[in-house]
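As structure tokens, the structure follows; a few thoughts come after it.
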Amino acid sequence: MKHINDIELTEYVAGNLTGPRTKEVREHIAACPECSQRRRETDRLWDTLGDWNVETAEHDVADRIVTLARVEQSASGRNAGTHVVRMRLPLQVLRVAASIIIAVGAGYEVGRYSVTGKKPQVAPSQNQPEYLAALGLQWSSGLAWLVLEEDQPDTGGEQ
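Position one of the sequence shown corresponds to residue 1 (my numbering), numbered consecutively onward.
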């Protein structure tokens, strides 16, 4: 005889089984002492859970939270405003330092470009990348300058 599984038994006790399955479970419980005992235990569990009075937040808890926060603040002897300022100070210092580093780096690059009028050229490698050779494409280190300017810089690479 196949016993009723826990999920079906719980659904039966809760009244969620419908149709012919309810009749089958009822008949099985009447014929099987083990499943009948499990049903009684599940009934007691559901009754116990139904009697359990759970305290819910049906009332406004904001006043209680604010009161507890004030009590905690006065007990610790700290002013919340100074605590926040101390926490923000390192972040502000880091932001200022990052801004200075970015400004110096950008100024250096712009200054190098503005003196010569062109971006400094790096000595081109004479080795053509394999992926370009495989595609049958020609390679030039100054290709970007061909697109960006009308006159072509003398880079010494293949054109």
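Glycine residues also receive a C-beta, built at the ideal position from the N, C-alpha and C atoms.
Annotation for Asp-6: the continuous alpha helix (DSSP H) segment containing it runs 6–14. Residue environment: Leu-9 is assigned as buried (16 or more neighbouring CB atoms within 10 Å of its CB, all protein chains considered). Going by C-alpha positions, Leu-94 is about 20 Å away from Gly-107.
The criterion of a C-beta distance shorter than 7 Å is satisfied by Thr-42 and Val-13. With fewer than 16 other Cβ atoms from the protein chains shown falling within 10 Å of its own Cβ, His-3 counts as exposed.
Between the alpha carbons of Ser-74 and Arg-88 lies a gap of roughly 22 Å.
Between Gly-105 and Pro-90, the alpha-carbon positions lie close to 23 Å from each other. Rounded to the nearest whole angstrom, the CA to CA distance from Arg-44 to Cys-35 is 14 Å.
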